[in-house]
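Every letter in the sequence shown is one number past the one before it in the working numbering, and letter 162, counting from 1, is 1386.
For every residue, glycine included, the Cβ atom is placed at its ideal position computed from N, Cα and C.
Comments concern the structure below.
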Amino acid sequence: MGRGTMAGRLSFERDARLSPSGLRCRICGVSSHPMSETLGLCLNCIRTHPDEALRLGQAVHAESRRVYGLPPATPQADGGLQCVLCSRQCRITEGGRGYCGLRTVREGRLTHLAGTGRRGLLQWYRDPLPTNCVADWVCRGSQQLGCHNLAVFYASCTLNCLFCQNWHFRKVSVISSAGISAELLADAADPSTFCVCFFGGDPASQMPHALAAGQRLAAKGVTVCWETAGTSHPKLLDRAVELSLASGGCIKFDLKANDEVLHFVLTGGSNRQTLENFARAARRFEERPDPPLVVASTLLVPGYVDAEEVGRIARFIANLNPRIPYALLAFAPHFYMPDLPRTSTRHALEAERAARTAGLLDVRIANRYLLSEDY
């Protein structure tokens, strides 16, 4: 997707330590390249000064969400009604909204504005196969010439990634958008539909709708796949895994970071549920290793997700099952990190080497056409 306009770009006064010679970290005052001006933090300080990095990161995320009318942080109001669909566990008061923007409380009842079987907030299209699937080198869809993937792009998310590559969904209005039922979405499948992939945004924010549509599609012989950050309730995650296992599809986890503080600074949320859900799914990998039931990926964000971080993620995966395929994705400047360069070839090769050294057997550098020589 294109870079688009940066109407949502933060407008804050530059720190006094930002000199004409280059951007300087707001904690240590040292110039670092690459480093995001919006965030204003270097990777070393995120790792060594976690409390201050969290405080500064929270302020950036809060402001970026206000631009789109979303709650600045996870609602945790005393006496609020709790939503349990994802790891946020929002507690919402009358008239308020949950973190994803799709849940509210009306007349004392938790109300789902979208994400139920009756109404999903999404866009869908037919994507001819083979396509740029995260798992394209190991999935069967890449072999289905003449068929297509039903690409289901959910317009909501449980995280707030400052580097989001698909940030435009935030412009979709939960009130004025028509939405579509799970039944009508499943009816979009035709004899040339080989597979469906639920992504976004993230399907975790609308799992009841995705599961209802997935069940109908699987009954028609369509392969069911997922791309998710893995924040859904474990019981919902289990149902997604079952659908993929039975239909021949896979569940692709976007493991953005291993370090929880770094994950929060970059995404606005913890990765505890993600790692737990990934481990939960990985335990079932050997039930159908070909095509692989579980696939992992990581976006190589310049200056932040380095080879060291990839090595930590890869060791976590390898300890579960070294055969799980792992894709390293090249970054393109987007959303609140438009000033970062594209992932460099050196960065990608170092990350690949770290992942293999950690014990993974199937590692791939994806979308190589985006790689640069910028750092």
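What number of angstroms, rounded off, separates the C-alpha of residue i from the C-alpha of residue j?
| i | j | result |
| --- | --- | --- |
| LEU1573 | PRO1526 | 13 angstroms |
| GLN1367 | SER1416 | 13 angstroms |
| HIS1285 | GLY1492 | 6 angstroms |
| TRP1348 | ASN1390 | 14 angstroms |
| GLY1424 | TYR1378 | 4 angstroms |
| LYS1444 | LEU1595 | 39 angstroms |
| HIS1558 | GLY1370 | 32 angstroms |
| GLN1313 | ALA1538 | 28 angstroms |
| VAL1358 | THR1447 | 15 angstroms |
| SER1568 | MET1431 | 35 angstroms |
| PRO1562 | GLY1246 | 16 angstroms |
| PHE1393 | ASN1384 | 12 angstroms |
| PRO1354 | LEU1408 | 25 angstroms |
| PRO1244 | LEU1564 | Its pLDDT being 38, under 50, PRO1244 is placed unreliably in this model, and the coordinates cannot settle the point. |
| VAL1291 | THR1328 | 19 angstroms |
| ALA1503 | ASN1495 | 12 angstroms |
| LEU1584 | THR1335 | 44 angstroms |
| GLY1535 | CYS1449 | 26 angstroms |
| ASN1268 | GLU1532 | 12 angstroms |
| GLU1597 | HIS1571 | 9 angstroms |
| ASP1483 | LEU1305 | 31 angstroms |
| CYS1381 | ARG1330 | 22 angstroms |
| THR1522 | SER1400 | 34 angstroms |
| ASN1545 | VAL1398 | 40 angstroms |
| THR1272 | ALA1301 | 31 angstroms |
| HIS1257 | GLY1319 | 44 angstroms |
| PHE1540 | GLU1261 | 31 angstroms |
| ALA1428 | CYS1421 | 13 angstroms |
| PRO1549 | ASN1356 | 16 angstroms |
In the DSSP assignment, find the unbroken alpha helix (DSSP H) run with residue i in it and report its ends.
| i | result |
| --- | --- |
| ARG1570 | 1569-1581 |
| GLU1407 | 1406-1411 |
| VAL1485 | 1484-1491 |
| HIS1285 | 1274-1290 |
| VAL1396 | No alpha helix (DSSP H) holds VAL1396; DSSP gives it neither H nor E. |
| GLY1535 | 1531-1544 |
| LYS1459 | 1458-1471 |
Kindly list the residues whose CB is nearer than 7 angstroms to the CB of residue i, restricted to its own chain and excluding five residues on each side of it in sequence; keep chain order.
| i | result |
| --- | --- |
| ASP1351 | HIS1372, ASN1373 and ALA1375 |
| HIS1166 | Because residue 1166 is not part of the residues shown, which for the chain are 1225 to 1599, the question remains open. |
| PRO1513 | ARG1547 |
| ALA1556 | GLN1389, ARG1566 and LEU1594 |
| ALA1442 | VAL1448, LEU1467, ALA1470 and SER1471 |
| GLU1576 | LEU1552, VAL1587 and ILE1589 |
| ALA1412 | TRP1348 and LEU1374 |
Rounded C-beta distance between residue i and residue j? I'm assuming under 8 angstroms.
| i | j | result |
| --- | --- | --- |
| ALA1542 | ALA1582 | 5 angstroms |
| ALA1554 | ARG1566 | 6 angstroms |
| PRO1515 | ARG1364 | 5 angstroms |
| GLY1403 | ALA1338 | 6 angstroms |
| GLU1451 | ASP1478 | 7 angstroms |
| LEU1263 | LEU1386 | 6 angstroms |
| LEU1469 | LEU1517 | 6 angstroms |
Which residue comes first and which comes last in the beta strand (DSSP E) that contains residue i?
| i | result |
| --- | --- |
| ARG1496 | Note, ARG1496: premise wrong, no beta strand (DSSP E); alpha helix (DSSP H) at 1496-1506. |
| LYS1444 | Note, LYS1444: premise wrong, no beta strand (DSSP E); not H, not E. |
| ILE1589 | 1587-1589 |
| ILE1475 | 1475-1478 |
| HIS1336 | 1333-1336 |
| ARG1330 | 1327-1330 |
Skipping 5 residues on each side, what residues in its chain have a beta carbon closer than 6 angstroms to that of residue i?
| i | result |
| --- | --- |
| LEU1294 | GLY1325 |
| ALA1590 | ALA1551 and LEU1553 |
| GLN1497 | SER1311 and THR1455 |
| ARG1588 | TRP1361 and ALA1551 |
| GLY1332 | none |
| SER1255 | GLY1246 and ARG1248 |
| ARG1440 | ALA1410 |
| ARG1580 | VAL1587 |
| LEU1499 | none |
| SER1288 | TYR1560 |
Return the bridge partner residues of residue i from the DSSP annotation.
| i | result |
| --- | --- |
| PRO1352 | HIS1372 |
| PHE1422 | VAL1376 and TRP1450 |
| LEU1523 | LEU1553 |
| MET1561 | HIS1558 |
| ILE1316 | LEU1305 |
| ARG1321 | THR1328 |
| SER1311 | DSSP, once it has assigned bridges, lists no residue as partnering SER1311. |
| SER1417 | Reading off the sequence, residue 1417 comes out as Thr, not Ser. According to DSSP, THR1417 bridges with HIS1372. |
| LEU1346 | TYR1378 |
With a CB to CB cut of under 8 angstroms and the five nearest residues on each side skipped, what residues in its chain are close to residue i?
| i | result |
| --- | --- |
| LEU1265 | CYS1249, ARG1250, ILE1251, MET1259, ALA1277, LEU1280, GLY1281 and VAL1489 |
| PRO1274 | VAL1485 |
| GLY1322 | PRO1295, PRO1299, CYS1307, ARG1312, CYS1314, ILE1316 and THR1328 |
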